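Undergrad:
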Amino acid sequence: MTDEVNRGVHVSGSALSVDEVCEAWLAGRRVRPTTKNAYRHALEPLRQFHGSMPVQRLTKGHLDSLVTALAAGGTPMTPHSVRRPWSPQSINPMLNIISAVLTDLVKQGLLVRNVALLVDRLPRTQPQMRTFSVEEMRQMLAFAQTDRVGHAWNLALSGLRRGEICGLRWSDVDLDAGVMSIRNNRVSVAGQAVDGLTKTERSNRDLPLTPVLTAALIAARERQDLESAAAGSNYGPGTHIVCDVLGHAYHPDTLSNFWQTACKRAGVPQIRLHDARHTCATLMHLQNVPIAVISAWLGHADSAFTMRTYAHAPNDALKIAAQSLQTMSDLHGN
């Protein structure tokens with residue numbers, strides 16, 4: 034022990050458990066509720082498997098085993114459900130959060146080293162993102178005219194995030210000027226829908242309304258006025274553009290469920306609601322809209338991120354590329 038003290042690597046024994054240090058670390062985070070909820074979710078497997086263990090006994094082996102179990106899937110989540118296999122996009126952030134907790138303990142002199150830094154991160158895999166073709170987008174927009182919440186699908190295919198669609202209020206839209214202001218974000222925090230700030234500062238943006246979107250919003254406004262009159266005093270606030278028949282804003286997960294039903298009824302591929310945003314970016318890109326402009330439209334701070342994440346090469350684009358190659362390589366100039 035004397036040698037450890039002289040080398041500055043001795044720490045006093047502590048009975049603090051993994052669960053206790055995780056909870057203390059979370060309590061000290063001055064972040065948005067949605068961010069803290071994401072941190073808590075990332076730490077859940079560690080706390081579930083090793084929560085009662087003294088944190089000073091936590092080893093690289095414990096974390097390696099945790100990573101292996103999560104990647105394989107099937108770990109218990111509740112008494113009646115198990116986790117699906119976690120991807121590198123979920124496991125690596127978890128390790129980073131665990132590392133942040135342990136780094137804090139090293140700074141406090143409660144740990145000699147951060148064992149999470151010894152754990153190899155998994156190679157990232159780019160998820161296969163599916164988007165609508167131009168024809169499928171038009172088919173969905175045609176169906177949207179018959180759907181009570183069809184204006185939500187217009188907003189989704191205009192590139193808005195799910196939380197931005199759910200959070201958009203009538204006070205954010207000027208139909209006469211043809212502009213909507215993205216300022217509110219409705220997200221799920223611990224299962225409850227909460228209105229709050231947009232994802233980033235650049236997410237706050239003013240977007241011009243297209244004639245198609247304007248018509249959809251006018252129809253939605255007229256429909257909500259009729260619903261309000263029919264409900265009378267039972268009608269709710271009616272402040273949100275996408276709301277139920279009593280004027281209450283939807284939970285974001287409810288909108289995702291509605292979207293899947295709408296895709297099926299419209300006869301288009303059942304892509305995720307967020308993939309409608311990908312569709313917007315990709316089709317803009319194929320129409321030669323500059324990446325910097327697409328980035329601003331989507332509310333991204335980094336154009337490189339827009340290019341890397343949203344500008345995909347769907348089959349239609351690959352066919353166009355093949356036709357271009359054929360034209361260039363045609364020896365007869367046909």
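Its first residue numbered 34, the sequence shown is counted upward by one per residue in our numbering. We treat Cβ as the ideally placed atom computed from N, Cα and C, and that holds for glycine. Only a predicted model underlies this, so the values are computations on that prediction, with no experimental measurement involved.
With 8 Å set as the bound, which would you pick, yes or no: does the beta-carbon of Ala57 sit closer than that to a beta-carbon of chain C?
TA: Of the protein chains in this structure there is only one, and it is not chain C.
Undergrad: Tell me which same chain residues have a C-beta within less than 7 Å of the C-beta of Phe82, skipping the five on either side of it?
TA: Translated into the one-based positions of the sequence shown, residue 82 becomes position 49. Within the same chain, Phe82 has close Cβ partners Leu99.
Undergrad: Using the beta-carbon count (16 or more within 10 Å), is Ser328 buried or exposed?
TA: Stepping through the sequence shown from its first residue, residue 328 is reached at position 295. By the 10 Å Cβ count, Ser328 comes out buried.
Undergrad: Leaving out five residues before and five after Cys313 in sequence, what residues of the same chain have Cβ atoms less than 7 Å from its Cβ?
TA: As a working mapping, residue 313 is identified with position 280 in the sequence shown. Excluding positions up to five away in sequence, the list reads Leu190, Ser191 and Gly192.
Undergrad: Who are the Cβ neighbours of Glu169 in its own chain at under 8 Å, not counting the five residues just before and after it?
TA: Within the sequence shown, numbered from 1, the residue matching residue 169 stands at position 136. Excluding sequence neighbours, Glu169 sits near Val301 and Pro302.
Undergrad: Determine the extent of the alpha helix (DSSP H) in which Thr68 is found, giving its start and end residues.
TA: The sequence position of residue 68 within the sequence shown is 35, counting from 1. Looking at the DSSP string, the run of the alpha helix (DSSP H) that includes Thr68 is Pro66 to His83.
Undergrad: By how many angstroms is the C-alpha of Met340 removed from the C-alpha of Ile304?
TA: Along the sequence shown, one-based indexing puts residue 304 at 271. Along the sequence shown, one-based indexing puts residue 340 at 307. Straight-line Cα distance between these residues: approximately 20 Å.
Undergrad: For Val222, which residues does DSSP report across the bridge?
TA: Numbered from 1 along the sequence shown, position 189 holds the residue referred to as residue 222. Note: Val222 sits in a beta bridge opposite Gln225.
Undergrad: Applying the 10 Å Cβ sphere with the 16-neighbour rule, what's the burial state of Met173?
TA: The count along the sequence shown starts at 1 and reaches residue 173 at position 140. By the 10 Å Cβ count, Met173 comes out buried.
Undergrad: Do the CB positions of Thr67 and Val222 come within less than 8 Å of each other?
TA: Taking the sequence shown and counting its residues from 1, one reaches residue 67 at position 34. Taking the sequence shown and counting its residues from 1, one reaches residue 222 at position 189. Against a cut-off of 8 Å, the Cβ pair of Val222 and Thr67 comes out as a contact.
Undergrad: For Gln122, which residues of its own chain have a beta-carbon under 7 Å away from its beta-carbon, when the five flanking residues on both sides are left out?
TA: Along the sequence shown, one-based indexing puts residue 122 at 89. These residues qualify, in order along the chain: Arg157.
Undergrad: Alpha carbon to alpha carbon, how far is Leu259 from Ala102?
TA: The sequence position of residue 259 within the sequence shown is 226, counting from 1. The sequence position of residue 102 within the sequence shown is 69, counting from 1. So the two alpha carbons sit approximately 53 Å from each other.
Undergrad: Leaving out five residues before and five after His307 in sequence, what residues of the same chain have Cβ atoms less than 7 Å from its Cβ?
TA: Numbered from its first residue, the sequence shown carries residue 307 at position 274. Excluding positions up to five away in sequence, the list reads Arg195.
Undergrad: Would a C-beta distance cut-off of 8 Å place Pro87 and Ser50 closer than the cut-off?
TA: Residue mapping note: residue 87 aligns to position 54 of the sequence shown, counting from 1. Residue mapping note: residue 50 aligns to position 17 of the sequence shown, counting from 1. Contact flag set, yes.
Undergrad: Quick check on this structure: which residue in Ala309, Arg235, Asp180 and Asp207 has the alpha carbon closest to the alpha carbon of His333?
TA: Position 300 of the sequence shown, counted from the first residue, corresponds to residue 333. Ranking Ala309, Arg235, Asp180 and Asp207 by Cα distance to His333 puts Arg235 first.
Undergrad: Does Val206 come out as helix, strand or coil in the three-state DSSP assignment?
TA: Residue 206 sits at position 173 when you count from the first residue of the sequence shown. Strand.
Undergrad: Taking the beta strand (DSSP E) that Leu190 falls in, what are its first and last residues?
TA: Along the sequence shown, read from residue 1 onward, the residue named residue 190 stands at position 157. Segment: none, Leu190 is in no beta strand (DSSP E) and carries neither H nor E.
Undergrad: Are at least three pairs of beta-carbons, each pair with one atom in the segment 235-245 and one in the segment 198-214, less than 8 Å apart?
TA: Yes, they touch.
Undergrad: Excluding the 5 residues flanking Ala299 on each side, which residues of the same chain have their C-beta closer than 7 Å to its C-beta?
TA: Counting from one through the sequence shown, the residue named residue 299 turns up at place 266. Result list for Ala299: Gln172, Met173 and Phe176, in chain order.
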